[in-house]
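A short worksheet on the structure shown next.
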Amino acid sequence: MKKTKLLPVAVLASLLSAFIPVSQAQMDPTQTRSFWDDPDFKNRFMGTYGQLSDVEPKVSREEGAFLQSVVPVIRDNPRQAITELQNANSDGATAVYDFAIGNIYFQEGDLNNARTNYLAAVKKHPDFRRVHKNLGLLEVREGNLDAAIKHLSKSAELGDMDSRTFGLLGYAYLQQGKFVPSESAYRQAVLQDPDKLDWKLGIAQTLITQERYDEAIALFSQLIEANPDRSDFWLLQTNAYLGSNQPLKAAENLELVRRLGSLDSASFVLLGDIYLNQQMPDLALNAYQEVISREDKPDIKAPLRSASILAQINAFDESQKLIDTIQTNYTSELTKPDRLKLLNLEAKIAKQQNKVDRSAEILEEIIEEDPLNGEALIQLAEYHVDKDEVEKAQFIFERAQNIEGFEAQALLSHAQLMVKNSDYVEAVNLLNRSLAIKPSKAVEDYRDRVERAARSLR
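Okay, here's the thing in structure tokens:
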């Protein structure tokens with residue numbers, strides 16, 4: 001039975017940090033109904049509401065009649081409605097005029113003018129709740145989170161219990177990394193609208209960011225039970241499983257999304273990485289091969305890394321199969337450095353599989369393409385050492401000794417060849433040169449032993 005090595009700690013940490021990127025919430029926080037379609041406001045807008053509360057400005061009988069006449073213009077010709085409202089908006093006019101103008105600009109996508117008119121409305125009537133709510137919505141859309149939180153909080157303070165207000169507050173706090181108030185706001189939103197999935201997703205994401213993974217897993221299980229075909233729910237729960245150190249549970253989720261046909265490239269790579277970390281190289285290879293055969297295959301760096309790690313854990317057959325798949329599917333994307341990485345890896349695999357002649361052929365191919373590849377030169381020289389081809393080995397070691405970054409290792413390997421051939425004096429000379437470039441206690445001790453052997457022969 002083939003033994004696999006444990007992954008190095010650094011590699012393990014890298015794999016476990018690979019959470020799935022999913023949008024912060026499956027919602028568009030910038031959507032709102034047109035103000036004239038809100039029945040409650042429409043009644044007030046038409047002047048049929050009687051005495052106003054403290055959170056709405058007063059409207060005179062004349063202003064109400066004028067607003068009533070403008071409603072059809074708003075629907076048919078928004079720009080004309082703005083002009084009529086602006087003409088009527090004198091210093092003492094109701095703040096509802098500014099609010100109406102702001103809403104029309106908002107509907108038209110002119111957010112700067114919408115903001116200007118909303119601010120004018122709250123200047124006239126500081127507790128105009130609907131304006132604070134719409135300003136909060138506008139600022140969320142613009143990414144001005146501090147301003148959004150200010151106005152949404154004010155709207156809630158003034159008695160706004162709409163789930164959208166609290167949901168947007170949760171969203172804004174989440175974007176700022178303020179997870180506790182975000183969770184509180186999302187929970188309030190759920191109280192107001194228990195059926196809204198967006199708010200439940202918001203809660204789940206705050207739980208994940210607070211590393212309360214078990215709670216997040218439980219919440220996602222409820223969402224999945226009600227919506228089993230929602231692949232995004234399965235993927236978000238996968239993140240929670242990874243965070244709670246349950247990689248095989250995460251893999252189960254990814255496999256289910258794979259069967260749904262919704263697994264993207266990044267998640268496929270993650271699935272392979274999980275199997276790799278769990279010492280399941282055959283399953284890892286299957287995931288890697290499938291993803292790099294797709295049209296939306298990942299960047300070449302991911303499969304190159306995977307092939308290298310497979311070799312590190314002694315999964316040589318799987319590593320070579322993945323290399324073959326890479327070469328088939330990345331023909332046009334492979335750069336010269338990428339090709340050399342693959343060839344170097346193939347040479348190491350062939351050597352580990354005792355295919356030493358094949359390994360040497362690959363090394364010669366590498367050197368032909370990259371004559372200054374010191375690592376390949378040293379490995380090829382060592383191949384000739386094993387074949388007792390001393391002159392060839394010496395010649396190649398001498399080439400490697402002149403390549404920056406490989407001088408010390410080439411000198412050391414050359415010295416070991418000289419020791420093997422009982423040329424201790426030359427070996428000491430080579431070891432001293434190696435130590436001058438890269439001091440090492442182990443090499444120094446080796447040099448001392450070789451010196452003693454040299455003296456014993458005098």
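FYI, the UniProt record's numbering numbers position 182 of the sequence shown as 182, with every residue one higher than the one before it. Note that CB positions come from ideal geometry on N, CA and C, so glycine has one too.
Compute the Euclidean distance between the alpha carbons of Glu375 and Glu369, then round it to the nearest angstrom. Counted from its first residue, the sequence shown places residue 375 at position 375. Counted from its first residue, the sequence shown places residue 369 at position 369. Answer to the nearest angstrom: the Cα atoms are 13 Å apart.
Give the DSSP-derived three-state secondary structure of Gln353 in the structure shown. Position 353 of the sequence shown, counted from the start, is the residue given in the question as residue 353. DSSP places Gln353 in coil when its eight states are reduced to three.
| Hey, how far is the Cα of Val419 from the Cα of Arg399? | Here residue 419 refers to the residue found at position 419 of the sequence shown. Here residue 399 refers to the residue found at position 399 of the sequence shown. So the alpha carbons of these two residues sit roughly 19 Å apart.
Sequence-distant residues of its chain with Cβ nearer than 6 Å to Pro298 (five each side left out): The residue you call residue 298 lines up with position 298 of the sequence shown. Cβ within range, chain order: Ser265, Val269.
Note to self: Ser267 and Leu254 - do their beta-carbons sit closer together than 8 Å?
What the structure shows: Taking the sequence shown and counting its residues from 1, the one referred to as residue 254 is at position 254. Taking the sequence shown and counting its residues from 1, the one referred to as residue 267 is at position 267. Yes; because the gap between Cβ atoms is below 8 Å, this pair is in contact.
For Glu142 and Pro228, the rounded distance between their alpha carbons
On the sequence shown, residue 228 is found 228 positions in, with the first residue counted as 1. On the sequence shown, residue 142 is found 142 positions in, with the first residue counted as 1. Using only the alpha carbons, I get a separation of about 34 Å.
Measure from the alpha carbon of Glu63 to the alpha carbon of each residue in Phe179, Asp195, Asn89, Val73, then state which is nearest. To locate residue 63, count along the sequence shown from 1; it is residue 63. Checking every option, the nearest Cα to that of Glu63 belongs to Asn89.
Checklist entry - Can you tell me the Cα-Cα spacing of Gly50 and Gln80, whole angstroms? => result For this step, residue 50 is matched to residue 50 along the sequence shown. For this step, residue 80 is matched to residue 80 along the sequence shown. Here the model assigns Gly50 a pLDDT of 32, short of 50, so the residue's position is not dependable, and the following value carries that caveat. Computed Cα separation, rounded: 28 Å.
- Item | Cα-Cα separation, Ile274 to Ala100 | Here the question's residue 274 lines up with position 274 in the sequence shown. Here the question's residue 100 lines up with position 100 in the sequence shown. If I take the Cα positions, the gap works out to 55 Å.
Distance, Cα to Cα, Leu363 vs Leu310? Your numbering for residue 363 matches position 363 in the sequence shown. Your numbering for residue 310 matches position 310 in the sequence shown. Those two C-alpha atoms are separated by around 20 Å.
Just to check, is the beta-carbon of Arg258 closer than 7 Å to a non-hydrogen atom of the ligand FMN? Within the structure as shown, the ligand FMN is missing, as the structure has no ligands at all.
Rounded separation between Leu145 and Phe166 - CA only:
Looking up residue 145 in the sequence shown gives position 145. Looking up residue 166 in the sequence shown gives position 166. Answer to the nearest angstrom: the Cα atoms are 14 Å apart.
In three-state terms, what does DSSP make of Ile203? Numbered from 1 along the sequence shown, position 203 holds the residue referred to as residue 203. In the structure shown, Ile203 sits in a helix (DSSP, three-state: H, G or I).
(message) Using only the alpha-carbon positions, how far apart do Asn245 and Gln409 sit?
(response) Locating residue 245 in the sequence shown gives position 245, where the first residue counts as 1. Locating residue 409 in the sequence shown gives position 409, where the first residue counts as 1. Taking the straight line joining both Cα atoms gives about 41 Å.
- Task: List the endpoints of the continuous alpha helix (DSSP H) containing Arg141.
- Result: The residue given as residue 141 occupies position 141 in the sequence shown. Residues 129-142.
- Is Leu322 closer than 8 Å to Tyr288 when the C-beta atoms are compared? Locating residue 288 in the sequence shown gives position 288, where the first residue counts as 1. Locating residue 322 in the sequence shown gives position 322, where the first residue counts as 1. The answer is yes: Cβ separation under 8 Å.
So, for Arg44: in the same chain, excluding its five sequence neighbours on each side, which residues have a beta-carbon less than 6 Å away from its beta-carbon?
On the sequence shown, position 44 is the one that residue 44 refers to. For Arg44, the pLDDT reaches just 42, beneath the cut-off of 50, and the residue's location in the model is therefore unreliable, leaving the point undetermined.
Rounded to whole angstroms, what is the Cα-Cα separation between Gly67 and Lys150?
Within the sequence shown, numbered from 1, the residue matching residue 67 stands at position 67. Within the sequence shown, numbered from 1, the residue matching residue 150 stands at position 150. Position check: residue 67 holds Leu in this sequence, whereas Gly was assumed. Distance between the alpha carbons of Leu67 and Lys150: 29 Å.
Can you tell me whether Leu435 is helix, strand or coil according to DSSP?
In the sequence shown, counting from the first residue as 1, residue 435 sits at position 435. Reduced to three states, the DSSP call for Leu435 is helix.
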